[in-house]
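Asker:
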Amino acid sequence: MEHIRTPKVENVRLVDRVSPKKAALGTLYLTATHVIFVENSPDTRKETWILHSQISTIEKQATTATGCPLLIRCKNFQIIQLIIPQERDCHDVYISLIRLARPVKYEELYCFSFNPMLDKEEREQGWVLIDLSEEYKRMGLPNHYWQLSDVNRDYRVCDSYPTELYVPRSATAHIIVGSSKFRSRRRFPVLSYYYKDNHASICRSSQPLSGFSARCLEDEQMLQAIRKANPGSDFVYVVDTRPKLNAMANRAAGKGYENEDNYSNIKFQFIGIENIHVMRNSLQKMLEVCELKSPSMSDFLWGLENSGWLRHIKAIMDAGIFIAKAVSEEGVSVLVHCSDGWDRTAQVCSVASLLLDPHYRTLKGFMVLIEKDWISFGHKFNHRYGNLDGDPKEISPVIDQFIECVWQLMEQFPCAFEFNERFLIHIQHHIYSCQFGNFLCNSQKERRELKIQERTYSLWAHLWKNRADYLNPLFRADHSQTQGTLHLPTAPCNFMYKFWSGMYNRFEKGMQPRQSVTDYLMAVKEETQQLEEELEALEERLEKIQKVQLNCTKVKSKQSEPSKHSGFSTSDNSIANTPQDYSGNMKSFPSRSPSQGDEDSALILTQDNLKSSDPDLSANSDQESGVEDLSCRSPSGGEHAPSEDSGKDRDSDEAVFLTA
Amino acid sequence: MWWGGRGQSFNIAPQKEEPEMGSVQESRMPEPRSRQPSSCLASRCLPGEQILAWAPGVRKGLEPELSGTLICTNFRVTFQPCGWQQNQDTPLSSEYDFALVNIGRLEAVSSLSRVQLLRPGSLLKFIPEEIMIHGRDFRLLRVGFEAGGLEPQAFQVTMAIVQARAQSNPAQQYSGITLSKTGQGSGSRKPPVPLMETAEDWETERKKQAARGWRVSTVNERFDVATSLPRYFWVPNRILDNEVRRAFGHFHQGRGPRLSWHHPGGSDLLRCGGFYTASDPNKEDIRAVESMLQAGHSDVVLVDTMDELPNLADVQLAHLRLRALCLPDSSVAEDKWLSALEGTRWLDYIRACLRKASDISVLVTSRVRSVILQERGDRDLNGLLSSLVQLLSAPEARTLFGFQSLVQREWVAAGHPFLTRLGGTGASEEAPVFLLFLDCVWQLLQQFPADFEFSEFFLLALHDSVRVPDTLTFLRNTPWERGKQSRQLNSYTQVYTPGYSQAPAGNSFNLQLSVWDWDLRYSNAQILQFQNPGYDPEHCPDSWLPRPQPSFMIPGPPSSVWLFSRGALTPLNQLCPWRDSPSLLAVSSRWLPRPAISSESLADQEWGLPSHWGACPLPPGLLLPGYLGPQIRFWRRCYLRGRPEVQMGLSSPTISGLQDELSHLQELLQKWTPRISPEVHSKDPHTILNPTEIVGILKGRTEGDLG
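Respectively, the protein sequence lines represent chains W and Z. Throughout the first sequence, residue numbering follows this note's numbering, covering 1 to 660 in sequence. Throughout the second sequence, residue numbering follows this note's numbering, covering 661 to 1367 in sequence.
Below, the structure is given as structure tokens:
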């Protein structure tokens, strides 16, 4: 709190980025975790909340007649422009935010103060929801060829690796340690994914310290052991995901890449994915296009092309496709590395796994995938996403690119993924939000030292609890397309990759299609489910009533007829052909009509869940108004007040039923 | 398989057929060949159709590949998969037929060489292993030939296609198709969509729009006011027919102001041609012109349609570039795709059309101003803008029926020169304005998926129909020419089908088939896919918002006339260019003052930029499309159909997803049905509801309460 120079500024204007003439007048609050803007307008009191950890840059612009403008760019691609009347206030806000947005200690991050009102047990359960040892079991490990190694117990060999690692059975501790000494940051080759259909595997490591001529017998034995662990194949692909030039430059520094002559039976392959600095600049260029006030066709298409962003996405996808094909079609194991083996390697291994294994395309499977290839293998979340104040040159949208690759795949295989776009967007949001402990620090070791699991909550449990929000209504587990490996054409056709407006323009509501087919389908699906449940409940009651009636001989069986019809009238129209006049009954079911059901589900989809599931997201009133939008534009929109809840419906149902 | 397999009895020697083909071309109404009528009918050839050559082959680029027969006739190239049963009801196939005029490029490929056969002077010097037919509609037909003694047939069929293509006449309809179709039905059949060729059609539509101040004029019944205009159109009640005639003479090609659409709020949308500057109107003429333009409104806005929109040459060039870009072997470097796409300008033109249309919609609906669209020819962009405005403002136009009626009225009946614009009369005037329009509609479909009753599949069907000469809809330039042709066809029917008892008089138009007779080429299952499962007519996106604020309704000063250009309204002193200019030679099309350019469009001024919409109330039923760069999408499923790599895995997105969804719901319904009524259960447990029924039921369920 000592960094907040001024907790409250009045008469601040929140400028609408696209039509600057329109600005909302309100009050700006600075808290320990958020910047909050509350509009003065009495009927809305719209609130905009921004987490400090989401703030990417703050820019103080030249003072004008109306005041001093402050531009805040967020890591989730939101842009906020404020005009503060007094220069002094503006300066105070600016200085405070500069400090608040760049915490120096982990303890300052939001997750250490965030309390979702769960007890200790619930929190612990949340942390075990995603269990990597279970995941290796699912892959079919350990088995005849692969075993769990304890060589990295207490992080003795490599401090950026997890303690639990799978290595070939024939790789002794001696070989492992020897190999680790020949690899950057001692990240020796270990298993990332095992394809049990044909024993081929994806392994990962960092670059070898080969320089121009150095060799290491143990490292050569290590690769040999990986090859032997796949008896069906007589060689191993070694994929260096860097451009060849970069790899060669590393040789001068005593690093580099494998010499095919020194290793028996390897096939070496470069796949040119650019480094983190190129990617950072590329994103920057693309965001500049997104910031254009009224982009023309050429602004947009030229800008997008010149940013190179989609080209980079394609490079990552191509690498993933290459590996998936090698594993599934050729049955050849692949060793992937880049320089340190924690950025491009993580991207490529996880894309390949996603293509290979339908499990990773489910909600839980996707969480496991991120946990395995990113969190456990020491992707440097803290450095890459700038959670703590650090070297800006370390920041790069590495996992953002992976998340986008997943989205591109979802666009091409709409029935193959159990989760929807919103799931990806929320994960991206929380990687930067630091609201949950999952993405803190740079390695498992650091997280354990910080006792993250005892002090913070897990995002996965939170997402899982609200999974209804994240389901893709088109998902078909039994669809031929969704089973086994996803097959993408290898032919060069980069027009398959599209600009992800839902991510990079997500705060520009007007940029999105006005109606979402997905939400509509989701609503229909939920409605169907509700009706089905209701039908069951009604049938049960009907049975009971009929029993009562049987006992009570005075009551004619006729009486049960209309009630039967009224009960079903909601679910099938065809009944309209029956001669009975039941229109009265239809009318008496207003609150539980299917259209109302639609609305209920739309609400479930949006407002309720966003509120409960995502305190931070929903606290942001921009999101909230989007929510309102959805619910009101839900298929049955109508004139119904959204406040009618299902509890009330049930009551009226009951009443009608009794009268019937 | 109706063509028979190898060694069937029909004659396949192409050289013998050639002279006969020539004769087919000469006589417009060829008699069904007496030499092989039985085999033709048996094989379900169209009347007058002859098989020129055939070869067994494998259709490639699909999963899985299909084996069948490639056949070239004097009408079309068609690939018939083995075991494929010609649907009894569809004489043509939308999937397997390529009309000869649709063939844009023909390539023969062997392992050693590759040649484009439609280039002048190109020769086929080898036996092709595969041929690729690139449709001008972006479709691709790739057929590999089987080896093993049949190579001569592969050669023959390829050469036959080249020759037949060269001799095909774009203006010629598949002769006898009307006959084959109408022969099946009962005597008088009603067209699926009013063709707007009778006064009753116009009167019905006028009543539907509740255009009380308007009447149907019969002044052009003999096409003597303008051949490019329909026989009937709407003029203000108070204007007499002789005044109409008088006024229309002062417009380019006699296309005076007519009502396009009446907004329930009271404003009108009119369209007319440019003022005929060489004419010398007297005072009465000018009064007639003015009162027709004002149509009883005190406040009218004149819109120069051409302003800010591409001209015909621009549209044609953009479309050619787009087609070149989408060819599988387009030479665009991999990372230059986006700028190459931009370079076609196609998306930019769509953007301009959408922007202008939403501005005009704002004028007509929320500002309740009457708008006159003025384009020199009044036959191209006026139709495009007028149709788009109606799609944006009138929910009825977004139904399947409404949209087809709209196209029939604003394009076909209004005399859009389809034949010329689609390249039927030589390249000079070619410009696929209609295809530009369809892309605009597709953009709307993307942005408002719940507001349209028709699906993307329907738009694709319409897109592909413009190159199929099965009906006259797209084969003529004016209603007059179309009428001439159908009358001839009528007499043809009477002469050549003695067994066919059609009442001869009074219903001459009943026989006329139009593009809306979808069952010529589309099976019932396909036609069901024209329905957009996401359509929800009850869903009114903006009904929850407060009604338009009164400030939108403030009328201008009395009797004011405005010019709308570049997002700004400029007051005009007069509607016609003649009144104050003593010398008519001084009159130019640019007599109007150039207005100050406003960077914001009208919709922007009213509601902020598109990114802001949704926060402010819109008039009910009005859709305002986004037209910022990132909001305009590329219609992959249309333009990239010829790229085999795109066809795999990718061609099944949302539409089929929705179909899946429907079948899932169908299962659920089935599960419930027995529980609901035992009669249904006992009837037939295997009866499966078709998707429209499901949609109907679903709709019924949603509407149940509201109704």
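All C-beta atoms, glycine included, are put in the ideal place defined by N, C-alpha and C. Here the structure is a predicted model, which means the values were calculated and not measured.
Which residues in the same chain have their Cβ closer than 6 angstroms to the Cβ of residue 252 of chain W, if we skip the five residues on either side of it in sequence?
Answerer: Looking up residue 252 of chain W in the first sequence gives position 252. Nothing listed; no residue qualifies.
Asker: Go ahead and pull the three-state DSSP assignment for residue 1245 of chain Z.
Answerer: Taking the second sequence and counting its residues from 1, one reaches residue 1245 of chain Z at position 585. Its pLDDT being 29, under 50, residue 1245 of chain Z is placed unreliably by the model, and the measurement read from it follows with that caveat. Correct three-state label for residue 1245 of chain Z: helix.
Asker: Measure the C-alpha to C-alpha separation of residue 229 of chain W and residue 167 of chain W and round it to an integer number of angstroms.
Answerer: Translated into positions along the first sequence, residue 229 of chain W becomes position 229. Translated into positions along the first sequence, residue 167 of chain W becomes position 167. If I take the Cα positions, the gap works out to 9 angstroms.
Asker: Would you please verify whether the beta carbon of residue 159 of chain W is less than 8 angstroms from any beta carbon of chain Z?
Answerer: Translated into positions along the first sequence, residue 159 of chain W becomes position 159. By this cut-off, residue 159 of chain W is not an interface position.
Asker: What would DSSP say about residue 1042 of chain Z, mapped onto helix, strand or coil?
Answerer: The count along the second sequence starts at 1 and reaches residue 1042 of chain Z at position 382. If DSSP states are grouped into helix, strand and coil, residue 1042 of chain Z belongs with the helices.
Asker: Can you tell me whether DSSP reads residue 477 of chain W as helix, strand or coil?
Answerer: Counting from 1 along the first sequence, the entry for residue 477 of chain W is found at position 477. Residue state, collapsed to three classes: coil.
Asker: Use the C-beta contact count for residue 1192 of chain Z: other C-beta atoms within 10 angstroms, 16 or more gives buried, fewer gives exposed.
Answerer: Within the second sequence, numbered from 1, the residue matching residue 1192 of chain Z stands at position 532. Buried.
Asker: Provide the residue span of the alpha helix (DSSP H) that contains residue 1299 of chain Z, from first to last.
Answerer: Stepping through the second sequence from its first residue, residue 1299 of chain Z is reached at position 639. From DSSP, the alpha helix (DSSP H) with residue 1299 of chain Z extends over 1296-1299.
Asker: For a contact defined as C-beta to C-beta under 9 angstroms, what are the partners of residue 410 of chain W on chain Z?
Answerer: Sequence index remark: in the first sequence, residue 410 of chain W carries index 410 (1-based). By Cβ distance, chain Z contributes nothing, its closest Cβ being about 10 angstroms from residue 410 of chain W, past 9 angstroms.
Asker: Among all the DSSP beta bridges, which residues are the ones paired with residue 237 of chain W?
Answerer: The residue labelled residue 237 of chain W in the question sits at position 237 within the first sequence. Answer is W/267, W/334.
Asker: Compute the Euclidean distance between the alpha carbons of residue 368 of chain W and residue 128 of chain W, then round it to the nearest angstrom.
Answerer: Counting from 1 along the first sequence, the entry for residue 368 of chain W is found at position 368. Counting from 1 along the first sequence, the entry for residue 128 of chain W is found at position 128. So the two alpha carbons sit approximately 11 angstroms from each other.
Asker: Starting from residue 27 of chain W, follow its DSSP beta bridges and name the residues at the other end.
Answerer: To locate residue 27 of chain W, count along the first sequence from 1; it is residue 27. In DSSP, residue 27 of chain W forms a bridge with W/38.
Asker: By how many angstroms is the C-alpha of residue 455 of chain W removed from the C-alpha of residue 137 of chain W?
Answerer: The count along the first sequence starts at 1 and reaches residue 137 of chain W at position 137. The count along the first sequence starts at 1 and reaches residue 455 of chain W at position 455. Their backbone Cα atoms lie some 29 angstroms apart in a straight line.
Asker: Relative to the C-alpha of residue 1283 of chain Z, which candidate in Z/1108, Z/1140, Z/1139, Z/1224 has its C-alpha closest?
Answerer: Taking the second sequence and counting its residues from 1, the one referred to as residue 1283 of chain Z is at position 623. Of the candidates Z/1108, Z/1140, Z/1139, Z/1224, the one whose C-alpha sits nearest the C-alpha of residue 1283 of chain Z is Z/1108.
Asker: Determine the contact status of residue 1125 of chain Z and residue 1175 of chain Z, defining contact as a CB-CB distance below 8 angstroms.
Answerer: In the second sequence, counting from the first residue as 1, residue 1125 of chain Z sits at position 465. In the second sequence, counting from the first residue as 1, residue 1175 of chain Z sits at position 515. Cβ atoms of residue 1125 of chain Z and residue 1175 of chain Z: closer than 8 angstroms.
Asker: Quick check: residue 320 of chain W and residue 342 of chain W, are their CB atoms within less than 8 angstroms of each other?
Answerer: As a working note, residue 320 of chain W is residue 320 in the first sequence. As a working note, residue 342 of chain W is residue 342 in the first sequence. No. Outside cutoff.
Asker: DSSP beta-bridge partners for residue 732 of chain Z?
Answerer: Locating residue 732 of chain Z in the second sequence gives position 72, counting from the first residue. Note: residue 732 of chain Z sits in a beta bridge opposite Z/713, Z/737.
Asker: Determine the contact status of residue 34 of chain W and residue 99 of chain W, defining contact as a CB-CB distance below 8 angstroms.
Answerer: Counting from 1 along the first sequence, the entry for residue 34 of chain W is found at position 34. Counting from 1 along the first sequence, the entry for residue 99 of chain W is found at position 99. Going by C-beta atoms, residue 34 of chain W is not nearer than 8 angstroms to residue 99 of chain W.
Asker: Quick one: using the 10 Å Cβ neighbour count with 16 as the cut-off for buried, is residue 391 of chain W buried or exposed?
Answerer: Position 391 of the first sequence, counted from the start, is the residue given in the question as residue 391 of chain W. Result: exposed.
Asker: Ends of the beta strand (DSSP E) at residue 932 of chain Z?
Answerer: The count along the second sequence starts at 1 and reaches residue 932 of chain Z at position 272. Note, residue 932 of chain Z: beta strand (DSSP E), 928-932.
Asker: Determine the direct distance from the alpha carbon of residue 1036 of chain Z to that of residue 1055 of chain Z, and round the result to whole angstroms.
Answerer: As a first step, residue 1055 of chain Z must be located in the second sequence, where it is residue number 395. As a first step, residue 1036 of chain Z must be located in the second sequence, where it is residue number 376. Taking the straight line joining both Cα atoms gives about 29 angstroms.
Asker: Anyone know if the C-beta pair for residue 788 of chain Z and residue 814 of chain Z falls short of 8 angstroms?
Answerer: For the purposes of this step, residue 788 of chain Z is taken as residue 128 along the second sequence, with counting starting at 1. For the purposes of this step, residue 814 of chain Z is taken as residue 154 along the second sequence, with counting starting at 1. In this structure, residue 814 of chain Z lies closer than 8 angstroms to residue 788 of chain Z by Cβ.
Asker: Which residues share a DSSP beta bridge with residue 795 of chain Z?
Answerer: Walking along the second sequence from the start, residue 795 of chain Z turns up at place 135. Beta-bridge pairing links residue 795 of chain Z to Z/763.
Asker: If distances are taken between C-alpha atoms only, which option among Z/802, Z/831, Z/792 comes closest to residue 1082 of chain Z?
Answerer: Within the second sequence, residue 1082 of chain Z is the residue found at index 422, counting from 1. Nearest option by C-alpha distance: Z/831.
Asker: Between the Cα of residue 823 of chain Z and the Cα atoms of Z/732, Z/752, Z/1178, which residue gives the shortest distance?
Answerer: On the second sequence, residue 823 of chain Z is found 163 positions in, with the first residue counted as 1. Looking at the Cα atoms, Z/732 is the closest of the given residues.
Asker: Exposed or buried, which one is residue 940 of chain Z when buried takes at least 16 other CB atoms within 10 Å?
Answerer: As a position in the second sequence, residue 940 of chain Z is number 280, starting the count at 1. Exposed is the call here.
Asker: Output, in chain order, the set of chain Z residues within a Cβ distance shorter than 8 angstroms of residue 460 of chain W.
Answerer: On the first sequence, residue 460 of chain W is found 460 positions in, with the first residue counted as 1. None at all; the shortest Cβ gap to chain Z is about 28 angstroms.
Asker: For chain W, check one thing: does any of its Cβ atoms lie closer than 8 angstroms to the Cβ of residue 1008 of chain Z?
Answerer: Taking the first residue of the second sequence as position 1, residue 1008 of chain Z is located at position 348. Closer than 8 angstroms to some Cβ of chain W, the Cβ of residue 1008 of chain Z qualifies, so yes.
Asker: Kindly list the residues whose CB is nearer than 8 angstroms to the CB of residue 197 of chain W, restricted to its own chain and excluding five residues on each side of it in sequence; keep chain order.
Answerer: Position 197 of the first sequence, counting from 1, holds the residue named residue 197 of chain W. Excluding sequence neighbours, residue 197 of chain W sits near 328.
Asker: Tell me where the beta strand (DSSP E) around residue 774 of chain Z begins and ends.
Answerer: Walking along the second sequence from the start, residue 774 of chain Z turns up at place 114. That run of the beta strand (DSSP E) goes 774-776.
Asker: Quick check: the Cα distance between residue 17 of chain W and residue 295 of chain W, rounded to an integer number of angstroms?
Answerer: As a position in the first sequence, residue 17 of chain W is number 17, starting the count at 1. As a position in the first sequence, residue 295 of chain W is number 295, starting the count at 1. Cα to Cα, residue 17 of chain W sits roughly 13 angstroms from residue 295 of chain W.
Asker: By Cβ distance below 6 angstroms, which residues in the same chain neighbour residue 1007 of chain Z in space, the five residues on each side in sequence not counted?
Answerer: The count along the second sequence starts at 1 and reaches residue 1007 of chain Z at position 347. So the list reads 1292, once near-sequence residues are dropped.
Asker: For the alpha helix (DSSP H) containing residue 812 of chain Z, list its first residue and its last residue.
Answerer: Here residue 812 of chain Z refers to the residue found at position 152 of the second sequence. Note, residue 812 of chain Z: alpha helix (DSSP H), 811-827.
Asker: Using 8 angstroms as the limit for Cβ to Cβ distance, is residue 113 of chain W near chain Z?
Answerer: Position 113 of the first sequence holds residue 113 of chain W. Cβ-Cβ to chain Z under 8 angstroms: no for residue 113 of chain W.
Asker: Does residue 877 of chain Z have its Cβ less than 8 angstroms from a Cβ in chain W?
Answerer: Position 217 of the second sequence holds residue 877 of chain Z. No, residue 877 of chain Z does not count as interfacial toward chain W.
Asker: Out of Z/755, Z/730, Z/1227, which one is the CA nearest neighbour of residue 1182 of chain Z?
Answerer: Along the second sequence, read from residue 1 onward, the residue named residue 1182 of chain Z stands at position 522. Checked all of Z/755, Z/730, Z/1227; the closest Cα to residue 1182 of chain Z is Z/755.
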